[in-house]
Amino acid sequence: MEKVCRQLTYHLSPHSQWKRQGLLKRKPQPCLKAVLSAAPCGGTLDLSGLPLAARDMERLCEHLQLHAAVLLSLELGFTELTDDAFLLLLPTLASLPHLETLALNGNRLTRAILKELTDALKVPIISLISRR
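Here our numbering runs 7 ahead of the position in the sequence shown, where the first position is 1.
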């Protein structure tokens, strides 16, 4: 329960809202196409802060499948990810054999997605692929 409270405090604090509204002064983010044109560096694919729509999921899934053998960490924080977009991504995530870290903070995901994610972790990969 304490972990949930800390996460809620973080997401509701001003710094997370500044990040979402682009108020933090940082170097400009590259576009999705540019990020996905290269292999993940050090086993990490960092898409933090890049807005992702449902239409981007096909391209992202192809990239994840192509680099599944080396991908250890996927950063999707503050990407404006919605439930529908995440459901398109879920079967691919479940098929990544070495994925250790999945960061989803700062997105518009509901509790229903949490149930889908935990169910996906319990179901064998073959079953998830056949649901596509």
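Just so you know, even glycine gets a beta-carbon here, dropped at the ideal spot from N, CA and C.
field: L52 and L81 closer than 7 Å at C-beta
entry: Against a cut-off of 7 Å, the Cβ pair of L81 and L52 comes out as a contact.
- prompt: How would you write the range of the alpha helix (DSSP H) that L121 sits in, first residue to last?
  reply: 118 to 129
task: Along the beta strand (DSSP E) that carries L81, what are the first and last residues, could you check?
output: That run of the beta strand (DSSP E) goes 80 to 82.
- request: Grab the span of the alpha helix (DSSP H) containing T99 for me, first residue to last.
  value: Residues 90 to 101.
- request: Alpha carbon to alpha carbon, how far is L39 from A127? Give it in angstroms, no decimals.
  value: 26 Å
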